[in-house]
Each structure stands twice: as structure tokens, then as C-alpha cells.
Amino acid sequence: MKRKSQHILNTSSNLLGFCLVIITSLKVAKLSKGTYLDDFAAVASLLLMASCILSFLAIRTESEKKSYKYERIADLFFIIALTALAISVVIIVFLDLIN
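Quick note: the sequence shown uses my numbering, first residue 2, plus one each step.
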């Protein structure tokens with residue numbers, strides 16, 4: 002099986018930066034009260050951080066079995082975080098439509 006760890010690591014770290022920008026923007030604009038947007042972005046940030054760590058471990062570990070396990074978990078966390086980001090985007094669009 003072709004290893005995806007490096008791709009997951011790069012993409013997760015980029016999306017983690019995006020989540021942190023969302024959270025910071027909400028705090029600066031004082032829009033975080035009354036919406037779930039910052040909650041979804043925070044969950045996505047934590048999952049992406051875990052995905053980054055696990056994909057790094059998958060790259061660095063010597064054991065092929067552990068590497069595969071870390072990679073699969075990192076992939077799962079990445080997909081869940083991507084879903085949370087999609088929900089965040091829907092909330093942003095919804096907030097824009099009602100304002």
C-alpha cells in the first residue's frame with residue numbers, strides 16, 4: 002500500500018492554520034458568542050493537530066505495523082476534521098445570509 006502520511010501531514014498542517022485564522026477572526030470580530038462556529042473550528046483544530054502528530058509518527062516509526070496503524074488513525078481524524086470544517090463553512094455562509 003502506498004503511504005499517505007506525508008500528504009496527510011502537509012494538508013492537516015495547512016488546514017490547522019486555516020482553523021486558527023477562523024477562531025482568531027471570530028474572537029477579534031466578537032462573533033463567537035451565539036454561534037457554534039468557533040466550537041466546530043476548535044474541534045477541527047484539535048483533530049487536525051492529532052492528525053499531524055499521528056502522521057508524523059507514521060513517517061518516523063520503524064515498525065511497519067505501527068506506521069500503518071498511525072496512518073489509518075490520522076486519516077480518520079483528518080476526515081472528521083474536514084467534516085467539521087465543512088460545517089463551519091456552512092455556518093459562515095448562513096450567518097452571512099441572515100445579516
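Just so you know, even glycine gets a beta-carbon here, dropped at the ideal spot from N, CA and C.
Residue burial classification, leucine 98 (beta-carbon count within 10 angstroms, cutoff 16): For the purposes of this step, residue 98 is taken as the residue at position 97 of the sequence shown. For leucine 98, the number of other beta carbons within 10 angstroms of its own is below 16, and it is reported as exposed.
Quick check: the region 83–98 against the region 50–58, are at least 3 beta-carbon pairs closer than 8 angstroms? The region 50–58 vs the region 83–98: no contact.
CB phenylalanine 78 to CB serine 46, shorter than 7 angstroms? Here residue 78 refers to the residue found at position 77 when the sequence shown is read from its first residue. Here residue 46 refers to the residue found at position 45 when the sequence shown is read from its first residue. Not closer than 7 angstroms, so no.
May I ask you to report which of helix, strand or coil DSSP gives threonine 62? Locating residue 62 in the sequence shown gives position 61, counting from the first residue. Here DSSP, grouped into helix, strand and coil, assigns threonine 62 to coil.
Cβ neighbour criterion (16 or more within 10 Å) applied to isoleucine 80: For the purposes of this step, residue 80 is taken as residue 79 along the sequence shown, with counting starting at 1. With a 10 Å radius around the Cβ and a threshold of 16 neighbouring Cβ atoms, isoleucine 80 comes out exposed.
Compare the beta carbon distance of leucine 103 and serine 13 with 7 angstroms and say whether it is the shorter of the two. In the structure as shown, the chain begins at 2 and stops at 100. Residue 103 is therefore absent and cannot be evaluated.
Given threonine 84 as reference, the closest of Ala43, Ile60, Lys31, Val22 once Cα atoms are compared: Counted from its first residue, the sequence shown places residue 84 at position 83. Measuring from the Cα of threonine 84, the nearest candidate turns out to be Ala43.
Report all residues from its chain with a CB closer than 7 angstroms to the CB of isoleucine 93; omit the five preceding and five following residues, and keep chain order. Your numbering for residue 93 matches position 92 in the sequence shown. Annotation for isoleucine 93: Leu38 place their beta carbon closer than 7 angstroms to its own, counting only its chain and skipping 5 residues before and after.
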